[in-house]
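Here the protein sequences line up with chains A and B, keeping their order. Counting from 1, one number per residue, gives the positions in the first sequence under this note's numbering. Counting from 1, one number per residue, gives the positions in the second sequence under this note's numbering. Comments concern the structure below.
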Amino acid sequence: MTAYRIKGVSLLGAEPADLFVRDGMISGAVADAETVDADGLVALPGLVDLHTHLREPGREDAETVETGSRAAAVGGYTAVCAMANTSPVADTAGVVEQVWRLGREAGLVDVQPIGAVTVGLAGKQLAELGAMATSAAGVRIFSDDGHCVADPRLMRRALEYVKAFDGIIAQHAEEPRLTEGAQMHEGEVSTRLGLTGWPAVAEEAIIARDVLLAEHVGSRLHVCHVSTAGSVEVLRHAKARGVRVTAEVTPHHLLLTDELATSYDPVFKVNPPLRTAADVAALRQALIDGVIDIVATDHAPHAVEDKECEWAYARPGMVGLETALPVVLSVLGEQWELIAERMSRTPARIAGLTGHGTDLAVGTPANLTLVDPSARRVVDPAGLTSRSRNTPYAGTTLPGRIVATFLRGEPTVLDGKAVK
Amino acid sequence: MIKHLRSAADLDAATATLILDTAGEMATLAGREVKKLPTLRGRTVVNLFYEDSTRTRISFEAAAKRLSADVINFSAKGSSVSKGESLKDTALTLQAMGADAVVIRHPASGAPHRLASWVDGSVVNAGDGTHEHPTQALLDAYTMRSRLGRIDGLNVAIVGDVLHSRVARSNVLLLATLGAKVTLVGPPTLIPVDIVAAMAGGPKVSYDLDSVLPDADVVMMLRVQTERMQDSYFPSAREYSRRYGLDVPRMRKLPSHAIVMHPGPMNRGMEIAPEVADSSRSTIVEQVANGVSARMAVLYLLLGGKA
């Protein structure tokens, strides 16, 4: 293996120093190392995404494990958790092992499959959670993401059942009866546009129920893509009571608002929907306070025809892996310690990904990313590494450029480009 | 002149007034033996209808034909659309055929906005989902002005299923632009959230029809679909009718000059009693005639006809 000297890098904003990488680990000084000039760059532990849609198997026209892995690496990630809503659904050991194996073959990030909670995401019957947990994929997070585990009895059972193997249920909080036909956040803008509203209470009611269930059975709950100020208050209350709950927010919910729907361009259609400026402000504060534990992308690639249509007929979702860190930088500023906590250490801990999210100290796995905080770039959909183009940031100038990413000591990205 | 008419919000007061004035000139044609102008000869107007709406389609068709435009009716049923063609591909097809204007009726809110991004010609919204129906608002404004002599300062009550009504949204916007004072009336379940803040002009909201009628110059009754009952917007057709229907005793509460409007098609006996619909206050048949004049004015002005 090649050894690297990352020359003059600032570790989380500290004074520049050389960082050495050898045999997959951060090491002490190495004499014959290849030099990577990191003048002006900041080193972060490799980012970890708890919520990625890689679309394989089933929608390889939108993304594959390989193309999604490459997009992740270019975005500074060294590990991603692949959501289960593929076709076939990742609800058996066979499918999660397939995704896990494809991730290993691509070798650009660690791909950790998430298993479905219920068979076919149908919300009727538990999938074989234990089989997925003991499979080669070693699944720990289970989610019906895209669908809510709405049945309270089934949700209780799922929370209880996964305690046997330290599992965690990641809930897509959306009361389905309150969101029938919903197209965007219910409020002034939906009223003006005549689009069926997705009320904040549909999210908040499920989170409230689930934190009480998790408390009742003493289980771990993770809340996907929190999007409302009210949800933040429910989580704050639950955490104060000591409930074992963690929560994520997406970059787009930290930056964008429902006003963007005014164009009727479905590139802004996402589930949960973009909310109001007041929600955005509450989510930012919650991320700083730690009421929301992590940033997760909900990277949701879609084929062109699924977005180039009427709003109501478009699929919800946005790509996000390649813009997540720039968006978070624009929101939080250069708070490197906080960014490392919310985008690397804590997601790695929630997912149980040992070897990721560790401080870049001698003897730890060399999973890291190098960022140029002074660079600014205009997002060009055509320039994305992902197979899909559905970014809501087209034409937006964002700070920060991911210059290099190392996975276990090997560069996956150099000079902003994937090496394979 | 504006290029597209996607929303009543596309119209400022001057443009809206110009359209109403032009509609007035167009209306004089209806009394002539030859009801036709050569203005749009050689221009192509496509009626692209994704919903069955015979009334609106023939109104636009008559309007375009009276201006001598070539009219192509493109109905979604039995066409390439029913074979799965996307709106974009349909748009590109119409573009290739040289459509100067596309009149679109579509079940999805915002479809005219999407269409306008794919064609060079003018796009006229003939009703999109639960969003807007701006030419209906224009013909309604025209009707009010013909009957009452003005729009500025009028008290207009719009009654019924505002939540699902594209007619209501367009009327709220256009009437605010023209200086009328709008009150939306209906059960709280059928009044959209945040409507006061959402809409220009800040319409008032009332849940009590009886209290609104004595001050109303115009009462516009909206069609209420009985299937809303199944979705618990209200308990029964009878209860709806008792609380929000315009019957003869309620009509008597109106000032003597007040008019009663309905965009049609009506549910007689549900939101409006037959005696009211057929009374001298009712403008319902006039609205249909005015629809052709208003749509002629819109096509004429959008397609660059010189007044």
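For every residue, glycine included, the Cβ atom is placed at its ideal position computed from N, Cα and C.
Discussion item. Buried or exposed, going by whether 16 or more other CB atoms sit within 10 Å of the CB of K417 of chain A?
Written reply: The residue in question, K417 of chain A, is exposed, as its Cβ has fewer than 16 Cβ neighbours within 10 Å.
Worksheet item: Quick one: is A229 of chain A near chain B, going by C-beta distance under 8 Å?
Response: Chain B, which has no Cβ nearer than 8 Å to the Cβ of A229 of chain A, makes this no.
Discussion item. To the nearest angstrom, how far is the alpha carbon of G42 of chain B from that of L94 of chain B?
Written reply: If I take the Cα positions, the gap works out to 16 Å.
Worksheet item: Roughly how many whole angstroms lie between the Cα atoms of L360 of chain A and Y50 of chain B?
Response: Roughly 60 Å between the two C-alpha positions.
Fill in: Host alpha helix (DSSP H) of E180 of chain A (start-end)
From DSSP, E180 of chain A is part of no alpha helix (DSSP H); its letter is neither H nor E.
Worksheet item: Closest Cβ-Cβ distance between R192 of chain A and chain B: below 8 Å?
Response: Residue contact with chain B for R192 of chain A: present (Cβ-Cβ distance below 8 Å to some residue of chain B).
Discussion item. Measuring alpha carbon to alpha carbon, tell me which residue in A:L213, A:G120, A:G146 is nearest R156 of chain A.
Written reply: The shortest C-alpha separation from R156 of chain A is found at A:L213.
Worksheet item: Would F165 of chain A pass as a contact of A136 of chain A if the rule is Cβ separation under 8 Å?
Response: At the C-beta level, F165 of chain A and A136 of chain A stay beyond 8 Å of one another.
Worksheet item: Excluding sequence positions up to five away, which residues of its chain have a Cβ less than 8 Å from the Cβ of P188 of chain B?
Response: Exclusion of the five residues before and after P188 of chain B leaves Y207 as the residues of its chain whose Cβ lies within less than 8 Å of its Cβ.
Worksheet item: Does the beta carbon of G197 of chain A sit closer than 8 Å to a beta carbon anywhere in chain B?
Response: Closer than 8 Å to some Cβ of chain B, the Cβ of G197 of chain A qualifies, so yes.
Fill in: Segment limits, beta strand (DSSP E) that includes Y161 of chain A
Judged by DSSP secondary structure, Y161 of chain A falls outside any beta strand (DSSP E) and instead within the alpha helix (DSSP H) spanning 152-161.
Worksheet item: Just the Cα atoms here: how many angstroms apart are K306 of chain B and Y142 of chain B?
Response: Legend: pLDDT at K306 of chain B = 47, less than 50; position of this residue unreliable, no value from coordinates given.
Practice prompt. Indicate whether at least one CB of chain B lies closer than 8 Å to the CB of W311 of chain A.
Written response: True, the Cβ-Cβ gap to chain B drops below 8 Å.
Practice prompt. Identify every residue that forms a DSSP beta bridge with K204 of chain B.
Written response: K204 of chain B pairs with B:T183.
Item to complete: Say whether the segment 58-72 of chain A touches the segment 366-378 of chain A, bearing in mind that this needs 3 or more beta-carbon pairs closer than 8 Å, one atom from each stretch.
Response: Contact between the segment 58-72 of chain A and the segment 366-378 of chain A is absent: fewer than 3 CB-CB pairs across the two stretches fall below 8 Å.
Item to complete: List the DSSP bridge partners of K417 of chain A.
Response: Partner(s): A:L414.
Worksheet item: Where does Q171 of chain A fall in DSSP's three states?
Response: It is a strand residue.
Worksheet item: Which runs of the alpha helix (DSSP H) spanning at least 4 residues fall entirely within the segment 192-262 of chain B, listed in chain order?
Response: List check, alpha helix (DSSP H) in window: 195-198, 209-212, 237-244, 248-251.
Discussion item. Rounding to the nearest angstrom, what Cα-Cα distance links V9 of chain A and D18 of chain A in this structure?
Written reply: If you take the alpha carbons of V9 of chain A and D18 of chain A, they lie about 6 Å apart.
Worksheet item: Where does the unbroken beta strand (DSSP E) through N171 of chain B begin, and where does it stop?
Response: Per DSSP, N171 of chain B lies in no beta strand (DSSP E) segment; the continuous alpha helix (DSSP H) that holds it begins and ends at 166-177.
Worksheet item: What does DSSP give as the partner residues of R236 of chain A in its beta bridges?
Response: R236 of chain A has no beta-bridge partner at all, per DSSP.
Worksheet item: Would you say V295 of chain A and L287 of chain A are within 8 Å of each other, going by their C-beta atoms?
Response: Yes; because the gap between Cβ atoms is below 8 Å, this pair is in contact.
Practice prompt. Measure the beta-carbon distance from A340 of chain A to P16 of chain A and round it to whole angstroms, keeping in mind my assumption that it falls under 8 Å.
Written response: A Cβ-Cβ distance of about 17 Å is found for the pair A340 of chain A and P16 of chain A, leaving them out of contact under the 8 Å criterion.
Worksheet item: Any residues in the segment 248-264 of chain A with a beta carbon nearer than 8 Å to a beta carbon of chain B? Which ones, in chain order?
Response: Cβ contacts with chain B come from S263, Y264.
Worksheet item: Between A:L12, A:R22, A:I114, A:G13, which lies nearest to F406 of chain A when the distance is taken from Cα to Cα?
Response: That would be A:R22, whose Cα lies nearest to the Cα of F406 of chain A.
Worksheet entry | Length of the line joining the Cα atoms of V102 of chain B and G146 of chain A | Cα to Cα, the separation comes out at about 37 Å.
Item to complete: Report yes or no: is there a C-beta of chain A within less than 8 Å of the C-beta of V32 of chain B?
Response: Sequence inspection shows Arg at residue 32 of chain B; the Val mentioned does not correspond to that position. Not an interface residue.
Discussion item. Strictly below 8 Å CB to CB, what residues from chain B border E308 of chain A?
Written reply: Within 8 Å Cβ-Cβ: S86, K88.
Practice prompt. Over the uninterrupted beta strand (DSSP E) stretch that includes S263 of chain A, give me the two end residues.
Written response: In the DSSP assignment, S263 of chain A falls outside any beta strand (DSSP E), carrying neither H nor E.
Discussion item. If the criterion is Cβ atoms closer than 8 Å, does the pair G121 of chain B and A99 of chain B meet it?
Written reply: The answer is yes: Cβ separation under 8 Å.
Worksheet item: Going along chain A, which residues have a C-beta under 7 Å from I195 of chain B?
Response: Within chain A, T191 have C-beta atoms less than 7 Å from the C-beta of I195 of chain B, given in sequence order.
Discussion item. With a threshold of 8 Å between beta carbons, is A108 of chain B in contact with chain A?
Written reply: A108 of chain B counts as touching chain A.
Item to complete: May I ask you to list, following chain order, the residues of the segment 120-150 of chain B that have a beta carbon less than 9 Å from some beta carbon of chain A?
Response: Contact annotation: in the segment 120-150 of chain B, residues whose CB is within less than 9 Å of a CB in chain A are D128, G129, T130, H131, E132.
Worksheet item: Rounded C-beta distance between L37 of chain B and L67 of chain B? I'm assuming under 8 Å.
Response: Confirmed, Cβ separation roughly 5 Å.
Worksheet entry | Boundaries (first-last residue) of the alpha helix (DSSP H) holding N290 of chain B | Here the alpha helix (DSSP H) through N290 of chain B covers 284-302.
Discussion item. Whole angstroms are fine: how far does the CA of L154 of chain A sit from the CA of A127 of chain A?
Written reply: Going from the Cα of A127 of chain A to the Cα of L154 of chain A covers about 11 Å.
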